[in-house]
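Undergrad: Protein chains in written order, with my numbering: chain A, 373 to 702; chain B, 373 to 702. Below are the structure tokens for one structure; questions will follow.
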DNA sequence: AAAATTTACTAAATCGTTTTACTAAATCGT
DNA sequence: ACGATTTAGTAAAACGATTTAGTAAATTTT
């Protein structure tokens, strides 16, 4: 029942010319190959009439390139990645590339499988925010020789990376409270082994030690009740400032504080590492450190384009500055 | 410089067997074709040793199917679509399909181009939330004969559709305020021609007429100052309830109300058509009508799987019920 | 008018798989 | 021991494009 697609050969036969001629003309190289204007017109007409759609696979198979970049994201429902994804796709598109987006859900096994899937599709390059340590990815990346750009989360030393300096930014963050806090609570959620999260935590540790501020850290339970107890417990131990280690954790934390009837910023100050589009609409508005997501996206694509031209340039780590969004919670 | 990939033939030559044999074995059909255990093992070993990755294009070209579904979304940075996207991708993956996601940004031209791109890639089917009226898409969809499922936003009458009954849900929404309002302000933003938005508006119009409630509608300016003036003006005209026509508009509206120092729900009540993960964290928490996004996603995939099996079944419109999230703003 | 060049094409190889049709050798049934 | 069947494969066509090498006819050059 499947109506097969119209092929080059169908057009060629309908007009009594060769496939080569049709191919030349439809690729805009008719003049170059001395195809007469009349015949060119005829071919274009016939192609339209038959609703010819070139078979991308046949083309890629022959040409060995796909003009497609794979984009491997950890969590597409996080607005940070959603925005990054949107910009990367737009930018790549403007350069004649398509984007194959996959979402790993921070699941290492799925990440491996999806990366293999992308490589099978002969993508020309890959932009990736790895789940975690990239140890598991190395063998996969060695199966292929396509350029890889790590975005937001670093890969190995000599691979391209575009993102922020999490340690530095975190350590600077401590100085941003209006009044120097006595005891800071850093909060994470889910997997603490994610490199960006542990770097942020390390930055906070270093800076708090230097400035004589006490620092505690909890990893929020996924059980609501337990999470409430965790936070309540820390607050009763004289915590006067909170730094959630990313935007989603910040939202969860704010929900918990609300339920505990803790007032921000009166009872406790809060600065979120990572911004969220809704922070400015909340009461109080949430002070946050904003990662330059559009720059990260744009520069990632730029790096990729360079790599695609000459693959032997050494890896470059590009660290961008964050912006402090001064609002009402600190 | 480009190191070409290892092919079936490389393995075949290395072992002195035919390509066919290698293909049979690597596809797990070695027994079926009476390939000896010893040879099978040898082939698997060699494949691993040479890090063989099958060329997906060659395979698809030969087999005529790609096990890939195209997913065309209007705005991936809207959490509703992001979530839908995530679930659709997961569900399709569990059924052995990959997902090719594209983001149209509600741009009709881009939508057409991207759809063509997908069709060129011989996707087996397409799940789509069209920008707008699908008139422009019809010719494109006729270029191909792959199954199409419209998700969240309807396509034409006899195509599959999975979503909600926007008119009905909107008209029911008016009865949800704790106290019957006198004058409701419906707010949209950007393109009012999006079908779901105009259906919601129509539903509100019908219901307000029946229940003797006055209804006004504005389309929010993208100029912040102008938008503030628009809302202020309506409020001074005795509006006592607001219904933003989707979640993003709700966020924008809340921002404006905050800047105008209008208290919700004391000065004005608000119910959002469309939920957002942050609504429960806000002060006051935002009452909203929640679309069953996971059901929409799951059923969309289900429909697609049925279509892929037998393409000649008549189109089905599947309308799901929304859930009223009773919170503090109404 | 013969040689050289240009014009307007075409035939066939190629990319890397899958799959059909075929074959030689081994084993089986009687 | 003879034909029949099974075993263990192989060769070659096919998918649909691109591209190289070639060619006959027309035109230009000398």
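We treat Cβ as the ideally placed atom computed from N, Cα and C, and that holds for glycine.
#1: Are residue 472 of chain A and residue 445 of chain A close, meaning C-beta to C-beta below 8 Å?
#2: Alpha carbon to alpha carbon, how far is residue 700 of chain A from residue 693 of chain A? Give it in angstroms, no decimals.
#3: So is residue 510 of chain A buried or exposed if we call it buried at 16+ other beta carbons inside 10 Å?
#4: Please classify residue 475 of chain A as buried or exposed, where buried requires at least 16 other C-beta atoms within 10 Å of its C-beta.
#5: According to DSSP, is residue 390 of chain A part of a helix, a strand, or is it coil?
#6: Using CA atoms only, rank isn't needed, just tell me which of B:564, B:452, B:696 is closest to residue 669 of chain B.
#7: Along the chain, where does the alpha helix (DSSP H) that runs through residue 667 of chain B open and close?
#8: So which of B:663, B:619, B:499 has the shortest CA-CA distance to residue 523 of chain B?
#9: In its own chain, which residues sit with a C-beta less than 8 Å from the C-beta of residue 465 of chain B, not counting the 5 before and 5 after it?
#10: Tell me whether residue 415 of chain B sits in a helix, a strand or coil according to DSSP, three-state version.
#11: Please report the straight-line C-alpha distance between residue 565 of chain A and residue 481 of chain A, rounded to a whole angstrom.
#12: Beta carbon of residue 506 of chain B, beta carbon of residue 442 of chain B: below 8 Å?
#13: Below 8 Å on C-beta distance, what does residue 425 of chain A contact in chain B?
#14: Hey, how far is the Cα of residue 650 of chain B from the Cα of residue 626 of chain A?
#15: I want to see whether chain A comes within less than 8 Å of residue 390 of chain B, judged by CB atoms only; does it?
#16: In angstroms with no decimal places, state the Cα-to-Cα distance between residue 562 of chain A and residue 589 of chain A.
#17: Ends of the alpha helix (DSSP H) at residue 630 of chain B?
#18: I'd like to know whether the C-beta atoms of residue 533 of chain B and residue 429 of chain A end up nearer to each other than 8 Å.
#19: When DSSP labels each residue in this structure, what does residue 517 of chain B get in the three-state scheme?
#20: Do the region 632–646 of chain B and the region 607–618 of chain B meet, that is, are 3 or more Cβ pairs less than 8 Å apart?
#21: Are there 16 or more other CB atoms within 10 angstroms of the CB of residue 392 of chain A, so buried, or fewer, so exposed?
#22: Where in the region 512–585 of chain B do unbroken runs of the beta strand (DSSP E), each at least 3 residues long, occur, reported from the N-terminal end onward?
#23: Does DSSP classify residue 697 of chain B as helix, strand or coil?
#24: Just the chain A side, please: which residues come within less than 7 Å of residue 627 of chain B by C-beta, in chain order?
#25: What's the gap between the Cα of residue 435 of chain B and the Cα of residue 410 of chain A?
#26: Less than 7 Å between C-beta atoms, sequence neighbours within five positions excluded: which residues of the same chain meet that for residue 634 of chain B?
#27: Beta carbon of residue 439 of chain A: closer than 7 Å to some heavy atom of the ligand FMN?
#28: Look at the alpha carbon of residue 329 of chain B and the alpha carbon of residue 559 of chain B, and state the distance between them as a whole number of angstroms.
#29: Need the endpoints of the alpha helix (DSSP H) that residue 605 of chain B sits in, please.
#30: Under the DSSP definition of a beta bridge, which residues are partnered with residue 661 of chain A?
#31: List the residues that DSSP assigns as beta-bridge partners of residue 472 of chain B.
#32: Between which two residues does the alpha helix (DSSP H) carrying residue 430 of chain B extend?
#33: Does DSSP put residue 451 of chain B in a helix, in a strand, or in coil?
#34: Following the continuous beta strand (DSSP E) through residue 498 of chain B, name the residue where it begins and the one where it ends.
#35: Taking a Cβ distance cut-off of 8 Å, strictly less, list which residues of the region 627–645 of chain B are near chain A, in chain order.
#36: Do residue 620 of chain A and residue 519 of chain A count as a contact pair if the criterion is CB distance below 8 Å?
TA: With the structure as the only source:
#1: No. Outside cutoff.
#2: Between residue 693 of chain A and residue 700 of chain A, the alpha-carbon positions lie close to 22 Å from each other.
#3: That one is exposed.
#4: Buried, by the Cβ-count rule.
#5: Here DSSP, grouped into helix, strand and coil, assigns residue 390 of chain A to coil.
#6: Selected option, being the one with the closest Cα: B:452.
#7: Secondary structure note for residue 667 of chain B: its alpha helix (DSSP H) is the uninterrupted segment 665–681.
#8: Of the candidates B:663, B:619, B:499, the one whose C-alpha sits nearest the C-alpha of residue 523 of chain B is B:499.
#9: Hits under 8 Å: 471.
#10: Helix, per DSSP.
#11: Whole-angstrom Cα-Cα distance: 15 Å.
#12: Not in contact: residue 506 of chain B and residue 442 of chain B (Cβ atoms no closer than 8 Å).
#13: Correct list: 488, 491, 492, 515, 516.
#14: Rounded to the nearest angstrom, the two C-alpha atoms are 10 Å apart.
#15: Using beta-carbon distances, residue 390 of chain B does not count as an interface residue toward chain A, since no partner is under 8 Å.
#16: Their backbone Cα atoms lie some 13 Å apart in a straight line.
#17: Going by DSSP, residue 630 of chain B is part of the alpha helix (DSSP H) stretching over 619–631.
#18: No, the Cβ-Cβ distance between residue 533 of chain B and residue 429 of chain A is not below 8 Å.
#19: In the structure shown, residue 517 of chain B sits in coil (DSSP, three-state: anything other than H, G, I, E or B).
#20: These segments touch.
#21: Exposed: under 16 other Cβ atoms inside 10 Å.
#22: List check, beta strand (DSSP E) in window: 520–523, 532–536, 555–561.
#23: If DSSP states are grouped into helix, strand and coil, residue 697 of chain B belongs with the strands.
#24: Simply 652, 653.
#25: Roughly 37 Å between the two C-alpha positions.
#26: Closer than 7 Å at the Cβ level, and outside the excluded window around residue 634 of chain B, lie 607, 640.
#27: As for the ligand FMN, it is missing from this structure, which has no ligand bound.
#28: With chain B represented from 373 up to 702, any question about residue 329 of chain B goes unanswered, as that position is not in the structure.
#29: 596–608 is the span of the alpha helix (DSSP H), which, as asked, contains residue 605 of chain B.
#30: Beta-bridge partners of residue 661 of chain A (DSSP): A:645, A:696.
#31: Residue 472 of chain B has B:442 as its beta-bridge partners, per DSSP.
#32: Residue 430 of chain B -> alpha helix (DSSP H) spans 428–435.
#33: Residue 451 of chain B: helix per DSSP, three-state reduction.
#34: That run of the beta strand (DSSP E) goes 497–500.
#35: The region 627–645 of chain B vs chain A, Cβ under 8 Å: 627, 630.
#36: Judged by their CB atoms, residue 519 of chain A and residue 620 of chain A are not nearer to each other than the 8 Å cut-off.
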